[in-house]
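Residue numbers (the working numbering), protein chains in the order written: chain A, 1 to 214; chain B, 215 to 540.
Please read the structure below before turning to the comments.
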Amino acid sequence: MSSELPESSVPPPTGADEPASAPTRRTFIATTAVGGAVVAGGVIGGTLLLDDDVAAAEAPPESRVSLTVNGTRRTVTVDNRTSLLDLLREHFGLTGSKKGCNAGACGACTVLVDGRRVNSCLTLAVRLEGAEVTTIEGLAEGDELHPLQKAFIEQDAFQCGYCTPGQIMSGVGCIKEGHTDSPEEIREWMSGNICRCGCYVKIVRAVEQTAGRK
Amino acid sequence: MHPFSFTKAATTREALNSGRRGGRYIAGGTTLVDLMRETVERPETLVDISDLPLREVRVTERGGLRIGALVSMSETAAHPKVRSLFPVISEALELSASAQLRNMATIGGNIMQRTRCTYFRDVTADCNKREPGSGCAAREGFNRMHAILGTSDACVATHPSDVAVAFAALEATVQLLGPDGERRVPFADFLLKPGSTPNREQAIRQGELITAVDIPALPRPLESGYLKVRDRQSYEFALTSAAVALHIRGGVIREAKVAAGGVGTVPWKLPAVEQHVIGERPSDALWKAAAEKAVQGARPLSGNRFKVDLLKRTVERQLRIVGGTR
């Protein structure tokens with residue numbers, strides 16, 4: 001089932017499901033940062049350089065794109081430079097997918113596009129016309145967690161948790177691809193996801209546990 | 215990232231029209247988007263070619279392969295015919311990048327990818343490949359990962375691809391389509407050594423499109439495989455690598471195709487190694503003597519002298535893995 005949403009003009013970073021007036025951790029940090037910049041501008045006694053840049057530049061080229069995210073059809077107009085990761089996080093408020101390296105080297109941004117795991121940081125949003133995207137937010141069935149989400153909890157497969165959404169989405173892909181015959185095979189096929197807490201042993205166990213149940 | 219306009223080509227003709235006007239083709243985008251973010255690449259127009267009908271892998275009449283330019287790395291590696299006819303291609307692909315990147319990246323894009331030299335990626339560093347005439351920071355810099363073969367005063371960057379090493383070994387051909395029609399370029403002539411123009415990396419003309427990579431038929435039975443040596447076991451570029459394919463009949467090596475990666479400014483074909491083993495019977499002594507020839511002409515830099523011995527050992531080991539010691 002997919003529901004239709006009208007063209008999004010949601011100002012970042014407020015999430016789609018959050019009341020616009022309620023301050024979230026993200027809007028609070030953003031507001032504080034802007035306040036800090038204004039003070040700094042006042043100290044040097046001039047207008048912020050950023051203002052000149054914005055005034056001088058033409059509006060960057062944009063495109064309109066319709067895609068399905070976790071079963072919901074969305075239509076947005078985005079700056080062509082927008083990555084899928086930024087679209088998810090900054091336009092749709094889906095902040096589960098994480099920005100680690102922003103260069104395809106860490107896997108924290110992993111999502112499924114048309115069922116295949118990809119790095120959303122290296123995916124240009126404008127190229128996703130008609131695509132079906134699944135993020136960590138779309139994995140559970142209502143309140144029922146996906147088996148791999150449960151396995152991560154049961155195996156205690158994370159510490160700080162920053163890489164976890166990417167690990168789980170990558171693990172879903174890995175299981176679907178069938179590369180789970182041994183711990184060694186899982187390690188190799190999960191190598192695109194870095195965990196700086198070093199939870200690899202338990203991550204492998206969680207993937208193994210979930211693959212075994214299928 | 216600099217702003218750019220975006221268009222998606224519905225047909226090959228549309229793509230070529232956009233390409234002729236200076237549009238930059240994008241397929242998997244794993245290199246291009248990354249380098250655009252670093253402002254190393256600054257295309258004004260991107261032409262999305264992902265809808266073009268270049269997604270087929272097929273066996274040619276004589277038992278070679280044609281791999282469409284838009285087949286992903288993961289699809290190519292998993293293809294039953296690739297696995298059975300040329301395991302060296304599947305192995306090279308599956309030892310590359312990560313599962314996510316292999317799902318995105320294509321065969322055409324793989325051979326168009328640019329070097330991972332850190333000075334090339336750093337727009338504040340001198341780099342003749344990025345900014346002709348600015349110098350080469352790697353020559354006297356951190357050059358442990360850099361090339362020992364095919365270098366010039368202007369550039370010592372390695373070509374990063376693994377599957378390109380297999381393509382070089384197997385003497386593949388790149389099929390191109392441009393405004394003036396089709397053209398075939400031997401793989402050995404497609405990727406260019408830096409010389410005095412390291413900014414020119416491929417023998418491809420403005421607006422030309424890679425449509426396929428052709429692997430020629432080789433006599434059977436053919437054993438082949440790829441060995442990659444690196445700082446960590448997975449998801450890392452090669453320090454050294456070797457692609458080997460051998461046709462052995464009646465206990466004698468009748469045909470040999472060998473190339474090395476991680477050591478050259480382009481995938482490094484090793485004809486002297488091939489010639490040394492053809493007509494001989496597999497043995498430990500043969501592999502060792504042949505591998506000595508892999509480093510002919512090597513010119514190590516301050517930080518990568520170790521690659522000379524490592525390359526010999528990599529080639530020797532892979533010859534033994536593929537050819538055995540009957």
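Think of the CB as a built atom: it goes at the ideal place given N, C-alpha and C, for glycine as much as any other residue.
- Task: Check whether the Cβ atoms of Thr164 (chain A) and Glu208 (chain A) sit closer than 8 Å, and answer yes or no.
- Result: The answer is no: Cβ separation not under 8 Å.
- Message: Can you find the residues in the same chain that come closer than 8 Å, C-beta to C-beta, to Ile168 (chain A), ignoring five residues on each side of it along the sequence?
- Response: Here the set comprises Ile136, Leu139, His146, Leu148, Gln149, Phe152.
- Just to confirm, are Asn357 (chain B) and Ser348 (chain B) a CB contact at a threshold of 8 Å? No, Cβ-Cβ distance for Asn357 (chain B) and Ser348 (chain B) is not below 8 Å.
- Message: I want to see whether chain B comes within less than 8 Å of Ile44 (chain A), judged by CB atoms only; does it?
- Response: In this predicted model, Ile44 (chain A) has a pLDDT of only 38, less than 50, meaning its place in the structure is not dependable enough to derive any value.
- Please classify Thr539 (chain B): does DSSP put it in a helix, a strand, or coil? Coil, per DSSP.
- Helix, strand or coil at Val377 (chain B) [DSSP, three-state]: Three-state result, Val377 (chain B): helix.
- Within-8 Å CB hit, Ser66 (chain A) to chain B: Ser66 (chain A) does not count as touching chain B.
- Item | Selected residue, minimal CA-CA separation from His360 (chain B), among B:Ile535, B:Thr528, B:Arg527, B:Phe520 | In terms of CA proximity to His360 (chain B), B:Phe520 leads the group B:Ile535, B:Thr528, B:Arg527, B:Phe520.
- Would you report the Cα separation of Arg196 (chain A) and Lys507 (chain B), rounded to the nearest angstrom? Computed Cα separation, rounded: 42 Å.
- Message: Which residues of the region 218–250 of chain B have a Cβ closer than 7 Å to any Cβ of chain A? Give them in chain order.
- Response: Here the close residues are Phe218, Ser219, Phe220, Gly243, Thr244, Val247, Asp248.
- Task: Look up Cys160 (chain A) in the DSSP assignment and give the residues it is bridged to.
- Result: DSSP, once it has assigned bridges, lists no residue as partnering Cys160 (chain A).
- Query: Can Gly479 (chain B) and Ala371 (chain B) be called in contact, C-beta distance under 8 Å?
  - Reply: For the sequence presented, residue 479 (chain B) should be read as Thr rather than Gly. In contact: Thr479 (chain B) and Ala371 (chain B) (Cβ atoms closer than 8 Å).
- Would you please verify whether the beta carbon of Leu124 (chain A) is less than 8 Å from any beta carbon of chain B? Yes, contact with chain B.
- Is there at least one Cβ from chain B nearer than 8 Å to Val118 (chain A)'s Cβ? Val118 (chain A) has a beta carbon lying within less than 8 Å of a beta carbon in chain B.
- For the beta strand (DSSP E) that contains Gly475 (chain B), what are its first and last residues? Its beta strand (DSSP E) spans residues 466–475.
- For Ser97 (chain A) and Cys109 (chain A), believed in contact at Cβ under 8 Å, the rounded distance: With a Cβ gap of about 5 Å, Cys109 (chain A) and Ser97 (chain A) count as contacting.
- Task: Leaving out five residues on either side along the sequence, give the residues of the same chain with a beta carbon under 8 Å from the beta carbon of Glu177 (chain A).
- Result: Short of 8 Å from the beta carbon of Glu177 (chain A), and not among the five residues preceding or following it, lie these beta carbons of its own chain, in chain order: Trp189.
- Message: Below 8 Å, how does it come out for the region 197–207 of chain A and the region 401–409 of chain B: are there three or more Cβ pairs, yes or no?
- Response: As far as the Cβ criterion goes, the region 197–207 of chain A does not touch the region 401–409 of chain B, which means the pair count is below three.
- Message: I need the DSSP call for Ser3 (chain A), collapsed to helix, strand or coil.
- Response: Note that Ser3 (chain A) scores a pLDDT of 47, beneath 50, so its modelled location is shaky; the value from the coordinates is reported in the next line. Reduced to three states, the DSSP call for Ser3 (chain A) is strand.
- Message: Val443 (chain B) and Ala457 (chain B) - do their beta-carbons sit closer together than 8 Å?
- Response: Result no, Cβ atoms of Ala457 (chain B) and Val443 (chain B) do not sit closer than 8 Å.
- Query: Using the rule of at least 16 other Cβ atoms within 10 Å of the residue's Cβ for burial, across every protein chain shown, is Val172 (chain A) buried or exposed?
  - Reply: Looking at its Cβ environment, which holds 16 or more other Cβ atoms inside 10 Å, Val172 (chain A) is buried.
- Item | Local Cβ density within 10 Å of Arg513 (chain B), reported as buried at 16 or more and exposed below that | If you draw a 10 Å sphere on the C-beta of Arg513 (chain B), you find fewer than 16 other C-beta atoms in it, and that means exposed.
- Message: For a contact defined as C-beta to C-beta under 8 Å, what are the partners of Gly107 (chain A) on chain B?
- Response: Simply Ser312, Gln314.
- Within the same chain, show all residues whose beta-carbon is closer than 7 Å to that of Gly511 (chain B), passing over the 5 residues directly before and after it, in chain order. These residues qualify, in order along the chain: Leu363.
- Query: Going along the region 425–456 of chain B in order, which residues come within less than 7 Å of chain A, judged by CB to CB distance?
  - Reply: Those would be Ser448, Tyr449, in chain order.
- Task: Taking all protein chains shown into account, decide if Val34 (chain A) is buried (16 or more other Cβ within 10 angstroms of its Cβ) or exposed.
- Result: Residue placement at Val34 (chain A) cannot be trusted, given a pLDDT of 46 that sits under 50; the coordinates are not used to answer.
- Item | Three CB pairs or more closer than 8 Å across the region 456–472 of chain B and the region 523–538 of chain B | Contact holds: three or more Cβ-Cβ distances are below 8 Å.
- Just the C-alpha distance for Ser286 (chain B) and Ala382 (chain B), rounded to the nearest angstrom, thanks. It is roughly 19 Å from the alpha-carbon of Ser286 (chain B) to the alpha-carbon of Ala382 (chain B).
- Query: To which residues of the same chain is Cys199 (chain A) closer than 7 Å at the C-beta, ignoring the five residues directly before and after it?
  - Reply: Once the five neighbours on either side are set aside, the close Cβ partners of Cys199 (chain A) are Ala157, Phe158, Gln159.
- Going by the beta-carbon positions, is the gap between Ile263 (chain B) and Ile321 (chain B) smaller than 8 Å? In this structure, the beta-carbon distance from Ile263 (chain B) to Ile321 (chain B) does not fall below 8 Å.
- Task: Kindly list, in the order they appear in chain B, the residues whose Cβ is closer than 7 Å to that of Glu188 (chain A).
- Result: In chain order: Ser448.
- Message: Rounded to the nearest angstrom, what separates Thr72 (chain A) and Glu62 (chain A) at their Cα positions?
- Response: Using only the alpha carbons, I get a separation of about 22 Å.
- Message: Quick check: Arg495 (chain B) and Gly465 (chain B), are their CB atoms within less than 8 Å of each other?
- Response: Their beta carbons are under 8 Å apart, which means Arg495 (chain B) touches Gly465 (chain B) by this criterion.
- Query: Does any residue of chain A bring its CB to less than 8 Å from the CB of Asn317 (chain B)?
  - Reply: Yes, Asn317 (chain B) counts as interfacial toward chain A.
- Item | Burial state of His216 (chain B), where buried means 16 or more other Cβ atoms lie within 10 Å | The residue is exposed, with fewer than 16 neighbouring Cβ atoms inside 10 Å.
- Work out the CA separation of Glu415 (chain B) and Val254 (chain B) for me, nearest whole Å. If you take the alpha carbons of Val254 (chain B) and Glu415 (chain B), they lie about 15 Å apart.
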